[in-house]
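FYI, the numbering for the sequence shown is 128 to 474, going by the working numbering.
Quick reminder that beta carbons are idealized off the backbone N, C-alpha and C, glycines included.
Heads up: the structure comes next, in C-alpha cells.
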Amino acid sequence: MMKKSSIFLAMLCSAIIGFGQDIHFSQFMNSSFLYNPGQTGLINGDHRALLNYRTQWSSIASPYKTYSFTYDTRVFKKEMNKAQMGLGIGFYKDVAGDTEFGTTSITLATSALLKLDDINRLSVGLQGGVMQNSINSNMRWVNQYDGNGYDATINSGETGAFNSTPFVGDFNAGIVWNYGTSESTITSNDLFSMQAGLAVSHISRQRIKITDFDEKLYNRFTLHGKTFIGLKNSPYAVVPGFLWEKQGPSSELLFGSYFRSKLKNESRYTGIFKESALAFGIFYRFGDAFVPKLSLEMMNFNLGVSYDYTVSGLGGPTGGNGGLEVSLQYIVPVEMRYGKGTTPKMY
Numbered sequence: 128m129m130k131k132s133s134i135f136l137a138m139l140c141s142a143i144i145g146f147g148q149d150i151h152f153s154q155f156m157n158s159s160f161l162y163n164p165g166q167t168g169l170i171n172g173d174h175r176a177l178l179n180y181r182t183q184w185s186s187i188a189s190p191y192k193t194y195s196f197t198y199d200t201r202v203f204k205k206e207m208n209k210a211q212m213g214l215g216i217g218f219y220k221d222v223a224g225d226t227e228f229g230t231t232s233i234t235l236a237t238s239a240l241l242k243l244d245d246i247n248r249l250s251v252g253l254q255g256g257v258m259q260n261s262i263n264s265n266m267r268w269v270n271q272y273d274g275n276g277y278d279a280t281i282n283s284g285e286t287g288a289f290n291s292t293p294f295v296g297d298f299n300a301g302i303v304w305n306y307g308t309s310e311s312t313i314t315s316n317d318l319f320s321m322q323a324g325l326a327v328s329h330i331s332r333q334r335i336k337i338t339d340f341d342e343k344l345y346n347r348f349t350l351h352g353k354t355f356i357g358l359k360n361s362p363y364a365v366v367p368g369f370l371w372e373k374q375g376p377s378s379e380l381l382f383g384s385y386f387r388s389k390l391k392n393e394s395r396y397t398g399i400f401k402e403s404a405l406a407f408g409i410f411y412r413f414g415d416a417f418v419p420k421l422s423l424e425m426m427n428f429n430l431g432v433s434y435d436y437t438v439s440g441l442g443g444p445t446g447g448n449g450g451l452e453v454s455l456q457y458i459v460p461v462e463m464r465y466g467k468g469t470t471p472k473m474y
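Encoded structure:
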C-alpha cells in the first residue's frame with residue numbers, strides 16, 4: 128500500500144527541480160521581476176508584458192509544468208527627472224507530478240528607480256501578494272487496483288484530507304544596479320551594459336500545510352548578473368549571465384552566454400523599420416543540465432526557446448529529457464520626438 132510518505136517523497140522530488148515549488152525558469156534573463164522585484168519597471172521602454180511556459184521531464188507519465196505572466200511599467204517619468212517608480216503584477220502556477228502538488232501565486236510589485244548619473248541606475252523593489260499550495264485530492268493508490276483495474280470504491284486506507292491550503296501572504300525584496308554606455312552607428316551598436324542584483328524571497332516564511340505535513344517555507348536568496356558586450360564596429364554582441372539561488376539545503380548555479388547577431392537595423396530617423404536580431408546561447412546548470420537557448424527579436428517582440436538536457440543522475444530514468452521552455456516578451460518602446468519610438472534591447 129502506498130503510504131503518505133510517498134506524497135512527501137514526491138514533494139522532495141519537486142524540491143529538487145523547483146526549490147520547494149518556487150519558480151524555476153532556465154531563461155532567467157527573460158523572467159522579468161519573478162526572481163527580483165528590483166527589476167520592476169527596469170526596462171528600456173514604457174511597458175513590458177511577458178509570458179513563460181516550462182514543462183519538465185516530458186518523458187514521464189505526469190510531467191512538471193510551470194506557467195507565468197507578468198506586466199510592469201514605469202510611472203512619473205516626466206514629473207521626476209532623477210527618480211521614477213516601477214509598478215507590476217505577476218502570476219505563476221506550478222504543478223508537479225502524479226500528486227499534482229502545486230503552487231499558485233499572485234503578486235504586486237513596486238520599485239524606486241534612481242538615476243545616479245548618466246550611466247548608473249539603482250532600483251530597489253518590494254513585492255507582496257498571496258500564494259496557495261494544492262494537491263490532488265482524488266489520487267489513486269496501489270491497493271485500489273483489484274487485478275482487473277482501478278476500483279474507486281475500494282478504501283485506500285489513507286487518513287487525512289488532501290486539500291488545498293488557504294491563501295497566505297508572501298513578501299519579497301530586491302535591489303538591482305544597472306550600468307550602461309552605447310555608441311550607435313548605422314551598421315552597429317557598440318553597447319556595453321552591466322547589471323547585478325540581489326533578492327530575498329519569502330521573507331514572511333509562510334507555512335506549507337498538506338494533511339500532516341506542516342513546515343515553514345525556506346527563504347530564497349538570489350544573486351544574478353548579466354553583461355551586454357557589443358563588439359565594436361560590428362552587428363555582433365556577447366551576452367554572458369549567471370543566476371545563483373539558495374533555499375534551505377538546496378542551491379542552484381546557472382551560467383553561460385548568448386551570441387547575438389543583428390539581422391536588421393532600425394530606421395534612424397523615421398522609426399518605421401525596427402531592429403531585429405537572433406541570439407544563440409549555451410548555459411550550464413551546475414551538476415544538472417546543459418541548456419541551449421535560442422532567441423529571436425523582432426518588432427519589439429522577443430521569442431525565446433530553450434531545452435534542458437539532463438546530465439545528472441536523473442538523466443538515466445528520464446532518458447536525458449529535461450525541460451522545454453518558451454518565453455514571449457513584448458516591450459512598448461520609449462516615445463521619442465515626433466512620436467517615434469526606439470527599439471528596446473531585450474537584454
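K391 is the residue among K391, L249, G352 whose C-alpha sits nearest the C-alpha of Y363. Excluding residues up to 5 positions away in sequence, V366, A406, G408 lie with their Cβ nearer than 6 Å to the Cβ of Y385 in the same chain. By the criterion of at least three beta-carbon pairs nearer than 8 Å, the segment 211-222 is in contact with the segment 192-200. In the DSSP assignment, I409 is bridged to S384, P419.
The criterion of a C-beta distance shorter than 9 Å is satisfied by I150 and D221. The C-beta distance from F382 to F369 rounds to 4 Å, short enough to meet the 8 Å contact threshold. The alpha-carbon of K209 is positioned some 38 Å away from that of Q259. Your pair S238 and T167 checks out as a contact, with CB atoms roughly 4 Å apart and the cut at 8 Å. No residue range can be given for M426, since it is assigned to no beta strand (DSSP E) and is classified by DSSP as neither H nor E. When the Cα atoms are used, M426 and K401 turn out to be separated by approximately 6 Å. Comparing alpha-carbon positions, the option among G252, E424, D173, S378 lying closest to L455 turns out to be E424. Between V295 and Q333, the C-beta spacing is below 9 Å.
Cβ neighbours of W304 within its own chain (closer than 6 Å, five residues either side excluded): L249, A323. Taking every protein chain shown into account, the CB of F413 has fewer than 16 other CB atoms within 10 angstroms, so this residue is exposed. Contact check for F410 and Y457: beta-carbon distance about 23 Å, past the 8 Å limit, so the pair fails to qualify. Taking a contact as a CB-CB distance under 8 Å, the pair M212 and L240 counts as one, their CB atoms being some 7 Å apart.
In the DSSP assignment, K242 falls within the unbroken beta strand (DSSP E) covering 228-242.
Apart from sequence neighbours up to five positions away, the residues of its chain that approach V432 with a beta-carbon distance below 6 Å are L421, V453, ordered along the chain. In terms of Cβ geometry, Y194 and Y180 form a close pair [threshold 9 Å]. Leaving aside the five residues that flank R175 on each side, the residues in its chain whose CB is nearer than 6 Å to its CB run, in chain order, D199, I458. Sequence-distant Cβ neighbours of S158 in its own chain, meaning closer than 6 Å and more than five residues away, are F152. Look at N305 here: in three-state DSSP terms it is strand.
Membership of P460 in any beta strand (DSSP E) is not indicated, and neither H nor E is assigned to it by DSSP. According to the DSSP secondary-structure assignment, V202 is paired through a beta bridge with M212.
In the three-state reduction of the DSSP assignment, Q154 falls in the coil class. For the 9 Å CB-CB criterion, P164 and G357 do not form a contact. W371 and D173 have their alpha carbons spaced roughly 29 Å apart. K353: member of the beta strand (DSSP E) spanning 347-357, first to last residue.
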